[in-house]
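Participant: Residue 32 in numbering that gives the first Met the number 0 sits at position 33 of the sequence shown; the count goes up by one each step and never skips.
Heads up, the beta-carbon is just placed ideally off N, CA and C, and yes, glycines get one too.
What you are looking at is a predicted structure, and each value in this text was computed from that prediction instead of being measured.
A single structure is presented below for examination.
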Amino acid sequence: MGRKIHGTGNLLSFGRFVPEPHRTGLRRRGPMQRLLWSPKRLSLGLILLVVAGALWIKGGFPFQTATHAAPVREYTLFVREVDWEVAPGYTYKALTFNGSIPGPTLEAKEGEILRVKFKNEHSEPHSVHAHGVQYEFQHDGTSPTTHGPDVPPGGEFVYEWKAVPGTWFYHDHSVEGIRRGMYGAIVVHPKDEQVRPDRDFILFYGDLEPETTGFADHPFSVFNGKAGMGTTPVLKSQVGDLVRFRLINLMDEPHTFHIHGHRWVYQGRLVDTVSVLPGETATFEFREETPGHWMYHCHFLEHMEEGMMGLYEVSAR
0 MGRKIHGTGN LLSFGRFVPE PHRTGLRRRG PMQRLLWSPK RLSLGLILLV VAGALWIKGG
60 FPFQTATHAA PVREYTLFVR EVDWEVAPGY TYKALTFNGS IPGPTLEAKE GEILRVKFKN
120 EHSEPHSVHA HGVQYEFQHD GTSPTTHGPD VPPGGEFVYE WKAVPGTWFY HDHSVEGIRR
180 GMYGAIVVHP KDEQVRPDRD FILFYGDLEP ETTGFADHPF SVFNGKAGMG TTPVLKSQVG
240 DLVRFRLINL MDEPHTFHIH GHRWVYQGRL VDTVSVLPGE TATFEFREET PGHWMYHCHF
300 LEHMEEGMMG LYEVSAR
């Protein structure tokens with residue numbers, strides 16, 4: 000249900016990137032992948048995830064919603080279709096949670112209850128499916144659910160999830176919804192967390208195909224729904240800050256993350272690039288020591304050319 004990876008370390012001097020041999024030469028989806036990711040309600044892959052999720056919930060992680068001794072965090076999510084500018088001059092009809100891509104970050108502490116009121120303001124049925132948290136099956140948000148095929152147009156449903164520490168995500172349980180922008184982050188802080196970072200950045204990878212946007216022969220690779228330097232998020236920190244990055248890949252292609260001028264210790268190794276496979280999240284942090292204007296990007300050249308790059312600004316104190 001989305002593997003999370005963690006790495007921490009101190010910032011070290013810049014070094015060159017040596018790509019892993021099995022990560023090179025990636026191309027955009029072939030015919031079978033396009034078929035599985037066609038803009039229909041569900042792909043076979045998501046159906047398998049639903050089955051796996053149901054088995055996981057049934058297999059030793061019960062969550063009783065009848066009592067709420069734990070503190071409750073309440074959020075409201077609604078579906079809204081908006082005109083979304085991916086890059087200057089390129090706007091498409093996006094489906095969003097609360098009008099933005101990604102949707103609001105749902106934040107909690109370990110053991111708390113996330114109570115999410117979902118309002119469907121769109122003309123089609125939708126739902127909210129969460130990864131990493133615990134819940135009873137009726138709060139799974141898959142299609143169909145025990146309370147119906149989805150939340151119908153104009154309908155509402157209240158989801159309740161028990162917070163499990165980590166970086167997770169939620170999304171509409173249709174391929175079209177995900178492709179068009181219906182996803183957001185869930186951040187759960189552990190009970191024993193001693194220090195919060197000074198900067199906590201969340202970046203979603205996204206792949207926008209012409210069949211989704213209507214931009215003929217012009218695919219985009221995006222961070223947080225935006226493509227190209229100056230359009231993607233400009234991330235800012237100061238020397239001395241503890242900086243944390245949370246990377247989330249909901250798409251069906253692997254991605255990487257690289258920051259110019261930076262290296263850090265990750266999973267026991269000195270790295271300047273992190274790989275994030277489909278359905279994964281990756282979290283790492285470092286103490287910032289290098290002032291300047293730095294580029295961040297996916298290191299697959301095709302994705303860079305399609306806009307998966309941005310600016311990281313570090314100022315001196």
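Could you have a look at residue 283 and say whether DSSP puts it in helix, strand or coil?
Facilitator: strand
Participant: Please state whether DSSP places residue 128 in a helix, a strand or coil.
Facilitator: strand
Participant: Could you tell me the alpha carbon to alpha carbon distance between residue 129 and residue 115, rounded to whole angstroms?
Facilitator: 11 Å
Participant: Less than 7 Å between C-beta atoms, sequence neighbours within five positions excluded: which residues of the same chain meet that for residue 180?
Facilitator: The residues are 83, 93, 94, 95, 100, 224.
Participant: With a threshold of 16 other CB atoms inside 10 Å of the CB of residue 191, please say whether the residue is buried or exposed.
Facilitator: exposed
Participant: The beta strand (DSSP E) spanning residue 212 covers which residue range?
Facilitator: Taken as a continuous stretch (DSSP letters only), residue 212 belongs to no beta strand (DSSP E), being part of the alpha helix (DSSP H) at 209 to 212.
Participant: Do residue 164 and residue 111 come within 8 Å of each other at the CB atom, strictly closer than that value?
Facilitator: no
Participant: Using only the alpha-carbon positions, how far apart do residue 220 and residue 177 sit?
Facilitator: 14 Å
Participant: Which residues in the same chain have their Cβ closer than 6 Å to the Cβ of residue 200, if we skip the five residues on either side of it in sequence?
Facilitator: 234, 244
Participant: Using the Cα positions of residue 109 and residue 135, report the straight-line distance between them to the nearest angstrom.
Facilitator: It is roughly 18 Å from the alpha-carbon of residue 109 to the alpha-carbon of residue 135.
Participant: Going by beta-carbon coordinates alone, are residue 125 and residue 78 separated by less than 8 Å?
Facilitator: yes
Participant: For residue 299, does the three-state DSSP call read helix, strand or coil?
Facilitator: coil
Participant: Short of 6 Å in beta carbon distance, which residues of its chain neighbour residue 275, apart from the five on each side in sequence? Order them along the chain.
Facilitator: 246, 248, 254, 281
Participant: Given that a residue counts as buried once 16 or more other Cβ atoms are within 10 Å of its Cβ, and exposed if not, what is residue 105?
Facilitator: buried
Participant: I'd like to know whether the C-beta atoms of residue 127 and residue 76 end up nearer to each other than 8 Å.
Facilitator: yes
Participant: Going along the chain, which residues of its own chain have a beta-carbon closer than 6 Å to the beta-carbon of residue 154, five neighbours each way excluded?
Facilitator: 119
Participant: Just to confirm before moving on: does the CB-CB distance between residue 289 and residue 273 stay below 8 Å?
Facilitator: no
Participant: Hey, could you find the ends of the beta strand (DSSP E) residue 71 is sitting in?
Facilitator: Looking at the DSSP string, the run of the beta strand (DSSP E) that includes residue 71 is 71 to 86.
Participant: Whole angstroms is fine: what's the gap from residue 218's alpha carbon to residue 315's?
Facilitator: 38 Å
Participant: Which partner residues of residue 204 appear in the DSSP bridge assignment?
Facilitator: 222, 248
Participant: Rounded to the nearest angstrom, what separates residue 305 and residue 226 at their Cα positions?
Facilitator: 7 Å
Participant: On the CB-based measure, 16 or more other CB atoms within 10 Å of its CB, does residue 73 come out buried or exposed?
Facilitator: Exposed, by the Cβ-count rule.
Participant: Whole-angstrom Cβ separation of residue 231 and residue 308, contact assumed at under 8 Å?
Facilitator: Between residue 231 and residue 308 the beta-carbon gap is near 7 Å, inside 8 Å, which marks them as a contact.
Participant: Could you tell me the distance, in whole angstroms, from the CA atom of residue 211 to the CA atom of residue 89?
Facilitator: 13 Å
Participant: Compute the Euclidean distance between the alpha carbons of residue 298 and residue 257, then round it to the nearest angstrom.
Facilitator: 7 Å
Participant: Rounded to whole angstroms, what's the CA-CA distance from residue 207 to residue 182? Just pull it up for me.
Facilitator: Cα to Cα, the separation comes out at about 14 Å.
Participant: Measure the Cβ-Cβ separation of residue 151 and residue 284 and say whether it is below 8 Å.
Facilitator: no
Participant: Which one of 166, 132, 121, 103 has the shortest CA to CA distance from residue 113?
Facilitator: 132
Participant: Apart from the five residues just before and just after residue 260, which ones in its own chain have a Cβ nearer than 8 Å to its Cβ?
Facilitator: Beyond the five residues adjoining it in sequence on each side, residue 260 comes within less than 8 Å, by CB distance, of 13, 289, 291, 293 in the same chain, given in chain order.
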